[in-house]
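A quick write-up on the structure given underneath.
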Amino acid sequence: MSGSGDPAGGGGDFLRAAYSRLRGAVDAWDGDCTLPPPRALEAATLALPRPGSPSYLVGMGAEATIGHLHGELLPALTGQNLSGRYYGFVTGSTLPVAEAADNMVTAMDQNVQVHLPAQTVCTDVEDTALAMLTSLLRLDPKAWPGRTFSTGATASNILGLACGREAIIARRLAAAAAGEASLGSGEDTSPDAVGKLGLLRACVKAGIKEIQVLTCAGHSSLSKAASIVGLGRDSVKELPLSAEEPYRLDIAAVEREAAREGVATIISVSAGEVNTGRFAVVGRQDMEQLRAIADRQKAWIHVDGAFGIFARALPKTSEFARLHDAVSGLDLADSITGDGHKILNVPYDNGFFFARDATVQSQVFKNTNAAYLAPSGSGGAPIQSPLNIGMENSRRFRALPVYAVLVSEGREGMERMLARMVRMARRVAAYVRASPHYELLPDDGGEPDEATHIVVLFKAKDEAVNRQLAHRINETRKMYVSPTVWRGMTCTRLAVSSWKVDVDKDMVVVEEVLGSIAQGQ
C-alpha cells in the first residue's frame, strides 16, 4: 500500500487536480524549445530510483509521485508535441482532439479484442475509423476488408510479411494439390498453409526452397519483420534501379527474380524511402507491371507506406500532381502499412494495416480452442474480432483518437493540414537549393516542389561544417533534425510531420539557424 493509504490516489478529485496541473505545465512550456536542456536530462536521470537505495520500491504516495513526475521527469522530455519544428525521424505531434480522445481511452480503459456489440461499441468504432481512414486515402473500403490497428508501421510490416508468407505458400500448395506442373492458375488459398502446418512443413509440401522479399531502399523494419516471421534478414534483397535513383525499384530485376524456380516472392514497395521521401514507383504504370508479375508468379505485393501513403490524401490539385501520380497505383497492392502517429498526428503508439484478403489475415492470426473469446451479437455487416486479425489479443482502444481526428477534421481539414506540411518541406528545399552553403539531395534538376513530399535531405558544401551539421542544428534547440548517410555521404534529414507547422513563422527560424551555422556562428 502506498504512503497515502490509497493506491488509486483518491479517485476523481486526484485525477482532476493532476490533469489540471499537467495542462498548466504544458501550456507554460517554451514552445520554441524542441529538446530539453542538458541540466534537465541530468537531473531527471539522477532522480530515478536506484536499486540498493533506502527508498527503492518504498511507496511515496500518489501526490508525491505526481510531484516527482512534474519536477524531474516532465522537463526532460522532448518537445515534439509542443513545437512544429521537431523535424527528426518522422515524428508527428498530437492534435488536441486526439489528445482528448486518448485521455478518454485511458479513463475508460477498454480492451478491444473481441467483437461484443451488446456490451461495448468499441469494435464498431474501430471498424468505422478504419473504413474512414481507407476512404481518406482514396481506397475503396469494400476492396480492403482486412483492416486493423497496430502499434506502428513496424508491427504492420510484420503483419504484411506474415500475410504475404501465408498467401504465397498457400497458392503453391493449392497448385501442387491440383497437380499443376507450372505456376499457371490456382488463385484459391488453402487454410492448411503456414498458420496450420508451420513454415518448414508448408514449404516442403509446396516445393518451396526459398522465400525472398524484393525491395529497394527498404526501411530497417522490413528486415526486422522478415526475421520475426521466419524468413530471415537475408531474404530481403535490394533491387535499386540505379546508383542515381536507389529509391526506385528495378521492375525488370523484380521480374527476373520472381521467376526463379522453387522461390516464392513478396514484393515490398517503399512509399516513401526514409532518407529522401521519394517513392519506389513513379506511377500507376509501374504498379500495373508489378501486379502483372505478382499474378503470374503467385507473389504478394506489400506497400510500406508509413508516411508516404498519406500523399494520397493531399488535395487533388496541380500543386500536388506529381505526388498523386507517384502513389496512384498503390491500390493494386495486396497489403498496405501506415502510421497514425506520424502524419495523422494521433498519439503513440498507433499504426494501421490494410489487406485485400481478410481470409489470409485470419488464417495467420486467429485464436483457436478459446470459447471465451468468441464474438457475440448478430445482424449487420460482420466485424471480425481484432484478436483474430492481428498480433495482440489484449489491445488498447487505439481507434478512438483516429476516429476523433477524422470526425473533427473531415477530408477538407486533413487536406489543409497535410498541405501545410508539404509546403513547409518545399520551402526548406527551395531555400537549401538556392543557398551557396548547402546542397539539396537528391537534385534531379526539376523544381523542388514537384518531387518533395515531407522529407528534405541536404548537406553543407563545406565538409568540416557538414560533419557536425545535424549536431549544430540540434544544439540550438530551436529545431531538431536527424543525421543520416545517403550514398556514402553524411547528410542531414528534415521531416515535416506536425499539425503545428506554420510555414512563414517556421521558415524564419530555419533560415536563421542554417544561416548562422553557415556563417560560422
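First residue of the sequence shown? That's 24 in this note's numbering, and the numbers climb one at a time after it.
Don't be surprised by glycine CBs; every beta carbon is placed ideally from N, CA and C.
Note that the structure is predicted; figures quoted are calculated from it, not measured.
- Residue state for Lys-365 is assigned as coil, using DSSP reduced to three classes.
- Assignment of Pro-424 by DSSP, reduced to helix, strand and coil, places it in the helix class.
- Every alpha helix (DSSP H) stretch that sits fully inside the segment 488 to 527 and reaches 4 residues is listed by chain position as 492 to 498.
- Contact between the segment 259 to 275 and the segment 192 to 202 is absent: fewer than three C-beta pairs spanning the two stretches fall below 8 Å.
- In the DSSP annotation of this structure, Ala-198 is not part of any beta strand (DSSP E); the continuous alpha helix (DSSP H) holding it starts and ends at 176 to 200.
- With respect to the 8 Å criterion, Ile-274 and Ala-322 are not classified as neighbours on the basis of their beta carbons.
- Setting aside the 5 residues that flank it on each side, Gly-352 is surrounded in the same chain by Arg-307, Met-310, each with a C-beta closer than 6 Å to its C-beta; the list follows chain order.
- Contact annotation: the segment 341 to 357 touches the segment 285 to 302, with at least three C-beta pairs closer than 8 Å.
- Residues of the same chain with a CB within less than 7 Å of the CB of Met-447, apart from the 5 flanking positions on each side, are Val-519, Val-524, Val-526, Asp-529 in chain order.
- Scanning Arg-195, Leu-355, Gly-221, Thr-238 for the CA closest to the CA of Ile-231 turns up Arg-195.
- For Pro-398, the closest alpha carbon among the candidates Pro-61, Gly-115, Thr-146 is that of Thr-146.
- In the DSSP assignment, His-325 falls outside any alpha helix (DSSP H) and within the unbroken beta strand (DSSP E) covering 323 to 327.
- When Cβ pairs closer than 8 Å are counted between the two stretches, the segment 378 to 390 is seen to touch the segment 411 to 425, the count reaching three or more.
- The beta-carbon separation of Val-49 and Leu-105, rounded to 7 Å, stays under the 8 Å limit for a contact.
- The residue among Asp-372, Ala-356, Glu-473 with its C-alpha nearest the C-alpha of Trp-167 is Ala-356.
- In the structure shown, the three-state DSSP call for Arg-450 is helix.
- The DSSP-derived three-state label of Ser-293 is strand.
- In terms of CA proximity to Phe-333, Ala-294 leads the group Glu-233, Ala-294, Asp-150.
- Nearest in C-alpha terms to Asn-368, of all of Leu-313, Ile-234, Cys-514, Tyr-426, is Tyr-426.
- Just so you know, the alpha carbons of Ala-381 and Arg-170 end up roughly 8 Å apart.
- Between the alpha carbons of Ala-248 and Leu-58 lies a gap of roughly 31 Å.
- Ser-291 is a Cβ neighbour of Thr-238, given a cutoff of 8 Å.
- According to the DSSP assignment, Arg-44 belongs to the alpha helix (DSSP H) that extends over 35 to 50.
- Under DSSP, Phe-375 shares a beta bridge with Phe-172, Gly-361.
- For Thr-238, the enclosing beta strand (DSSP E) starts and ends at 233 to 238.
- In the three-state reduction of the DSSP assignment, Glu-268 falls in the coil class.
- In the structure shown, the three-state DSSP call for Lys-260 is strand.
- Taking the Cα positions, Asn-134 is about 6 Å away from Arg-419.
- For Val-304, no pairing in a beta bridge is given by DSSP.
- Straight through space, the alpha carbons of Trp-509 and Glu-189 are spaced by roughly 34 Å.
- Tyr-454 and Leu-463 have their C-alpha atoms spaced approximately 9 Å apart.
- Scanning Met-127, Leu-337, Ser-417 for the CA closest to the CA of Thr-475 turns up Leu-337.
- Residue range 478 to 483 is occupied by the beta strand (DSSP E) that includes Ala-483.
- For Leu-156, the uninterrupted alpha helix (DSSP H) run begins and ends at 145 to 159, by DSSP.
- Judged by DSSP secondary structure, Glu-278 falls within the alpha helix (DSSP H) whose first and last residues are 274 to 281.
- In this model, Ala-287 and Asp-257 are separated by some 14 Å (Cα to Cα).
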